[in-house]
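Protein chains: 2
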Amino acid sequence: MTLKTKRSENYPEWYQCVVSASEMAENSASPGCMVIKPWGYGIWERIRDLMDEQFRETDHENAYFPMFIPLSFFRKEAEHVEGFAKEMAVVTHSRLKNIDGTLQPDGELEEPLIVRPTSETIIADSFAKWVKSYRDLPVLINQWANVVRWEMRPRLFLRTREFLWQEGHTAHASAIEAEAETKRMLEVYRKTSEEFLAMPVIEGVKPQYDKFPGAVDTYCIEAMMQDGKALQAGTSHFLGQNFAKSANISFINKENKPEFAYTTSWGVSTRLIGGLIMTHADDEGMVTPPRVAPYQVILVPVIKKPEDEEKVMAYISDLASELKAQTPFGEKIRVKIDKRLKQSVDKFWEWTRKGAPLICEIGPRDVESSGLVVKERLSVGQKEIISKDNFVASVAQRLENIQNRMFEKAKERMTQNIRTDITTPEQFKAYFENANEWIEDGKHGKVAFVKGKWCGDDETEEILKELKISIRCLPLEQSGTKGKCLLTGKDATIDVIYARSY
Amino acid sequence: MTLKTKRSENYPEWYQCVVSASEMAENSASPGCMVIKPWGYGIWERIRDLMDEQFRETDHENAYFPMFIPLSFFRKEAEHVEGFAKEMAVVTHSRLKNIDGTLQPDGELEEPLIVRPTSETIIADSFAKWVKSYRDLPVLINQWANVVRWEMRPRLFLRTREFLWQEGHTAHASAIEAEAETKRMLEVYRKTSEEFLAMPVIEGVKPQYDKFPGAVDTYCIEAMMQDGKALQAGTSHFLGQNFAKSANISFINKENKPEFAYTTSWGVSTRLIGGLIMTHADDEGMVTPPRVAPYQVILVPVIKKPEDEEKVMAYISDLASELKAQTPFGEKIRVKIDKRLKQSVDKFWEWTRKGAPLICEIGPRDVESSGLVVKERLSVGQKEIISKDNFVASVAQRLENIQNRMFEKAKERMTQNIRTDITTPEQFKAYFENANEWIEDGKHGKVAFVKGKWCGDDETEEILKELKISIRCLPLEQSGTKGKCLLTGKDATIDVIYARSY
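Protein sequence lines correspond, in order, to chains A and B. Taking the working numbering, the leading residue of the first sequence gets 497, the next gets one more, and so forth. Taking the working numbering, the leading residue of the second sequence gets 497, the next gets one more, and so forth.
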């Protein structure tokens with residue numbers, strides 16, 4: 497029941513196949529926007545809950561700010577508006593009117609409203625009201641919301657005009673505190689990616705020319721997809737006093753003097769789900785890590801004769817109750833009994849395409865033997881016949897084990913595909929000019945990340961464009977060694993990650 | 497520390513005072529939109545979680561659909577667009593451009609997009625793709641989202657241009673099933689209002705002229721605010737085949753014939769929080785029911801001398817751990833240690849204004865005596881000195897008790913203020929012409945609900961308008977008795993609730 501297109505045949509088409517076959521999302525009649533279907537949205541809800549827990553532990557509170565931002569707010573921060581002006585949805589009218597027999601926009605607004613591409617400006621306006629004294633600081637706020645950026649080449653999860661995200665916004669009494677916050681939240685993102693999504697990442701800082709519009713520094717986590725391309729999975733910005741000055745977030749400091757606050761912002765979006773797919777999915781469909789799977793264990797009744805139904809369903813119901821007492825990862829387990837009218841074999845393949853971690857099939861013979869058949873998605877449905885008691889006793893460990901193996905597998909792939917043996921601009925150029933192929937799991941393919949030196953000169957941007965690659969980040973861990981810039985051959989000390997990217 | 501304006505002085509002003517003093521929400525620089533601050537948003541998150549649990553139990557799944565709806569979609573259902581055309585935010589451009597030195601909308605869209613005022617049309621479009629056979633039915637979907645209706649007289653929580661809500665959308669193979677769903681979800685709303693928000697409601701159906709645009713029948717729950725006005729707290733619509741026909745949601749039925757599906761939709765919004773405030777708040781601020789309070793127990797250190805800090809904080813930390821083992825309502829308890837730099841008395845009043853159910857103060861003497869001071873918000877901070885062990889052992893019951901008392905209090909007020917003794921149009925008219933005053937708790941005031949007969953004639957709409965009242969609903973429980981219509985004096989059998997409303 498392999499997907500229509502395999503990874504090795506056409507990676508972008510394979511991606512679309514997985515999204516569609518797993519019923520995670522679909523294109524919508526609303527141009528460039530997506531419908532996030534229950535399995536995809538359920539994963540997003542798990543991500544939300546796991547992140548909310550970390551936000552609470554670090555004393556952040558959720559709040560909600562208006563989606564419409566007056567145009568004048570964007571004029572306040574020149575770099576910021578410059579960065580977003582080309583992709584903004586603009587609301588200009590407040591009603592429809594029947595004009596000459598067709599409904600047309602009417603009630604033109606005095607000031608156009610921008611549908612938030614990000615909320616720095618409108619949130620800073622509230623912070624300016626909330627903050628008077630150093631005693632009011634820090635302000636630690638997070639928002640879960642939809643945002644809009646007018647993408648011209650939309651792709652499900654990776655680039656859609658509307659997407660969902662969380663955006664943290666904080667204000668602090670000192671630059672040091674704000675920078676510490678920026679890094680603290682980057683660590684939350686690393687943990688979320690690695691421990692929950694089983695997606696290893698490299699933590700780093702963006703080159704200055706690639707930072708968030710209006711920021712002083714942009715930190716990021718970068719993940720490697722199965723085709724060797726990089727995906728920016730989250731960013732955390734130290735904004736200095738830039739937004740505080742334009743929105744007038746000022747406070748009386750301990751020395752009794754007025755001072756502008758230091759702010760940060762940080763976000764991850766439904767793009768993470770695109771990364772999740774491109775990290776774990778295979779030629780059968782999605783493989784969902786247990787920690788974010790909407791259901792971790794699926795119970796499929798296999799009933800051929802109507803007279804078997806009652807006893808099989810009673811047995812499954814008991815099994816579900818016993819399973820629900822188990823707590824993998826210290827959480828409530830998520831068990832689904834699939835009672836639909838479809839054939840059990842169709843159900844099995846549907847849950848396989850969705851990537852439910854454990855799929856159990858239970859028929860009358862299993863009831864008699866007090867057993868069941870369990871198939872593990874990560875092993876492409878490898879079948880195991882097991883007693884009910886053994887399954888219940890082992891289910892938490894099985895799920896934890898799957899989670900660990902998924903991370904290890906992805907980690908190994910990433911480690912094996914970061915090249916450090918390219919040391920001259922000639923080798924480097926030759927490498928990326930020919931690097932177009934997909935890599936098999938575990939095999940060292942032609943597209944990889946290249947870790948090497950960068951001189952930091954302006955002229956390097958042009959060379960990167962020609963090679964269709966980018967500097968993903970300056971990793972937080974820097975070797976400090978001297979070497980030659982892989983773009984210019986000049987002396988250089990900065991380590992960077994070069995890669996193709998999404 | 498009473499609010500600036502008392503309920504009895506000016507009820508609308510008092511409402512604004514509560515919203516502001518409790519820090520639940522504030523007006524925004526974005527015209528007509530609100531900022532939902534952490535305490536208000538936390539209540540909304542509790543409502544969301546408690547409703548999600550009920551949605552899951554009734555086999556509904558969450559999903560997410562685009563916020564932008566092509567204008568042409570609204571043209572498909574004439575009654576529907578008629579109902580919303582006057583209050584729609586319209587996106588007409590996709591970028592900003594610097595024209596003559598100022599940023600202006602640019603990139604005009606071929607087809608304007610409507611920011612969803614509700615999602616029937618765009619969701620029906622997906623359902624049409626998902627549903628082929630009766631085996632695909634029912635489809636049971638819920639969405640948590642922001643929606644926009646261009647209100648001209650915005651009021652925090654009650655009427656804002658952007659608000660948050662959940663909207664359920666389902667499709668069924670028969671009218672009977674769809675109607676049963678409509679009523680099932682109305683019951684979920686009743687339970688949410690009464691058991692979680694402690695806000696008693698009357699369940700009923702709207703008069704035909706007041707139903708949702710495009711619906712066959714609109715069911716609702718109506719609550720009574722402390723000023724005797726009604727608040728529509730939730731609606732559930734049976735849409736028949738109207739939207740299925742315009743979006744072509746058709747399926748092959750069991751008889752192997754094509755048939756249009758039967759759909760429903762149902763929603764509650766952040767307006768519920770407005771109802772929560774107007775049901776429970778008093779002259780000191782908000783009183784938050786424990787089930788939806790972001791924090792149920794607040795621990796405030798009372799430290800005068802720095803040398804006491806360590807031992808008091810250690811004691812509070814122990815107390816918090818012990819409390820966290822308690823499970824009021826079968827849930828994790830929500831405890832907050834208020835460590836901020838502010839004075840303890842200011843903290844106490846802040847939590848009082850927010851309406852945290854139990855506020856505990858702990859100083860060095862309490863540490864010595866292994867006790868604490870607990871103040872119950874519902875009793876306006878009535879003070880009790882209690883041992884730590886007794887408090888921990890009783891905290892779950894205290895919270896459950898507060899929840900029950902809050903519901904009983906509101907229920908009694910509603911029961912006492914539904915008049916059934918008005919039986920002629922003359923009495924009725926005289927009553928509502930003079931009914932402008934606020935009612936004291938438990939006292940039978942001049943503005944109440946009137947339960948009486950309605951003949952159902954068209955002319956009655958005009959009389960209602962003159963009296964500035966409306967028919968809130970035809971209660972599901974009908975007496976079946978004969979009587980005279982309170983508006984026309986004609987023979988009538990239908991029981992209705994007449995009231996002023998929000």
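Note that beta-carbon positions come from the ideal geometry of N, C-alpha and C, so glycine has one too. Please read these numbers as outputs of a predicted model, since none were measured by experiment.
For residue i, is the classification buried or exposed, using 16 other Cβ atoms within 10 angstroms of its Cβ as the cut-off for buried?
| i | result |
| --- | --- |
| residue 996 (chain B) | buried |
| residue 574 (chain A) | exposed |
| residue 642 (chain A) | buried |
| residue 881 (chain A) | exposed |
| residue 705 (chain B) | exposed |
| residue 977 (chain A) | exposed |
| residue 511 (chain B) | buried |
| residue 612 (chain B) | buried |
| residue 738 (chain B) | buried |
| residue 595 (chain A) | exposed |
Is there a C-beta anywhere in chain B that falls below 8 Å from the one on residue i?
| i | result |
| --- | --- |
| residue 621 (chain A) | yes |
| residue 575 (chain A) | no |
| residue 560 (chain A) | yes |
| residue 547 (chain A) | no |
| residue 667 (chain A) | no |
| residue 761 (chain A) | no |
State the DSSP-derived secondary structure class of residue i, mapped to helix, strand or coil.
| i | result |
| --- | --- |
| residue 878 (chain A) | strand |
| residue 784 (chain B) | coil |
| residue 912 (chain A) | helix |
| residue 943 (chain B) | coil |
| residue 576 (chain B) | helix |
| residue 603 (chain B) | strand |
| residue 523 (chain A) | strand |
| residue 506 (chain A) | coil |
| residue 728 (chain B) | strand |
| residue 713 (chain B) | strand |
| residue 498 (chain B) | coil |
| residue 988 (chain B) | strand |
| residue 973 (chain B) | coil |
| residue 681 (chain A) | helix |
| residue 797 (chain B) | strand |
| residue 963 (chain A) | helix |
| residue 901 (chain A) | helix |
| residue 561 (chain A) | coil |
| residue 918 (chain A) | coil |
| residue 871 (chain B) | strand |
Along the chain, where does the beta strand (DSSP E) containing residue i start, and where does it finish?
| i | result |
| --- | --- |
| residue 954 (chain A) | No beta strand (DSSP E) contains residue 954 (chain A), which DSSP labels as neither H nor E. |
| residue 810 (chain A) | No beta strand (DSSP E) holds residue 810 (chain A); the alpha helix (DSSP H) holding it covers 805-820. |
| residue 925 (chain A) | Run containing residue 925 (chain A): none in the beta strand (DSSP E); it sits in the alpha helix (DSSP H), 921-929. |
| residue 591 (chain A) | 586-595 |
| residue 699 (chain B) | 697-701 |
| residue 832 (chain A) | 831-833 |
With 8 Å as the threshold, decide whether the Cβ of residue i is near any Cβ in chain A.
| i | result |
| --- | --- |
| residue 793 (chain B) | no |
| residue 673 (chain B) | no |
| residue 847 (chain B) | no |
| residue 564 (chain B) | yes |
| residue 774 (chain B) | no |
Would you kindly report the start and end of the unbroken alpha helix (DSSP H) that includes residue i?
| i | result |
| --- | --- |
| residue 541 (chain A) | 534-553 |
| residue 688 (chain A) | No alpha helix (DSSP H) holds residue 688 (chain A); DSSP gives it neither H nor E. |
| residue 843 (chain B) | 840-850 |
| residue 860 (chain A) | 860-865 |
| residue 825 (chain A) | No alpha helix (DSSP H) contains residue 825 (chain A), which DSSP labels as neither H nor E. |
| residue 570 (chain A) | 567-571 |
inquiry  = Runs of 3 residues minimum, wholly inside the stretch 739-789 of chain A: which ones carry the beta strand (DSSP E) assignment?
reply    = 746-748, 754-756, 758-765
message = Restricting to runs no shorter than 4 residues, where is the alpha helix (DSSP H) found entirely within the stretch 601-663 of chain A?
response = 616-626
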